[in-house]
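Visitor:
In UniProt numbering, the protein residues as written are 1 to 148.
1. To which residues of the same chain is residue 142 closer than 7 Å at the C-beta, ignoring the five residues directly before and after it?
2. Helix, strand or coil for residue 115 per DSSP?
3. Buried or exposed, going by whether 16 or more other CB atoms sit within 10 Å of the CB of residue 71?
4. When DSSP labels each residue in this structure, what does residue 105 get in the three-state scheme?
5. Please return the same chain residues whose Cβ sits closer than 7 Å to the Cβ of residue 1, not counting the five positions on each side in sequence.
6. Taking all protein chains shown into account, do 16 or more other C-beta atoms lie within 10 angstroms of the C-beta of residue 147, making it buried, or fewer, making it exposed?
7. Tell whether a beta-carbon distance below 8 Å holds between residue 82 and residue 98.
8. With a cut-off of 8 Å on the beta carbons, I'd call residue 145 and residue 104 a contact; round off their distance for me.
9. Just to confirm the assignment, what range does the alpha helix (DSSP H) spanning residue 49 have?
10. Using DSSP bridges, identify the partner residues of residue 67.
Right, here's the structure in full:
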């Protein structure tokens, strides 16, 4: 069982090929926030696979099938996808914490954090998300940011 987080439109064939190669079925497609800086492959990938799109409950996106909030858990086989609402980059930003890993979307990037000057961004909320949520995770947590 698998989930794809923040799929890029240009990489859909690669995701499908890797899933086939590994013999796993993709059950969910998640977007960590409403993307303003690139084209998400979420809609196309979810439609091709016939799986639900997951985003935060505050997402303005009309194509969301499952709306989640802070503290919710999504079962994925033996794994649990733990949703962390981390507003600041956008109001609907989430991180996905899975065991010893966290997928941060644009909340936390390599060498910085997501911009908070875009629509629905808020620097105070971003500070709170970073210092009162992400930095409270175990220091050994592996971080997988967007835009690598």
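Note that CB positions come from ideal geometry on N, CA and C, so glycine has one too. Quantities reported herein were computed from a predicted structural model and do not represent experimental measurements.
Guide: Looking at the atomic coordinates:
1. Excluding positions up to five away in sequence, the list reads 100, 101.
2. In the three-state reduction of the DSSP assignment, residue 115 falls in the coil class.
3. Under this definition residue 71 is an exposed residue.
4. Residue 105 sits in a strand when the DSSP states are folded into three classes.
5. Take residue 1, set aside five residues on each side of it, and the residues of its chain with a beta-carbon closer than 7 Å to its own are 24, 25, 27, 76, 77, in chain order.
6. Exposed, since its Cβ has fewer than 16 Cβ neighbours within 10 Å.
7. Contact: yes.
8. Rounded to whole angstroms, the Cβ separation of residue 145 and residue 104 is 5 Å, and the two are in contact under 8 Å.
9. Unbroken alpha helix (DSSP H) run through residue 49: 42-49.
10. Partner(s): 55.
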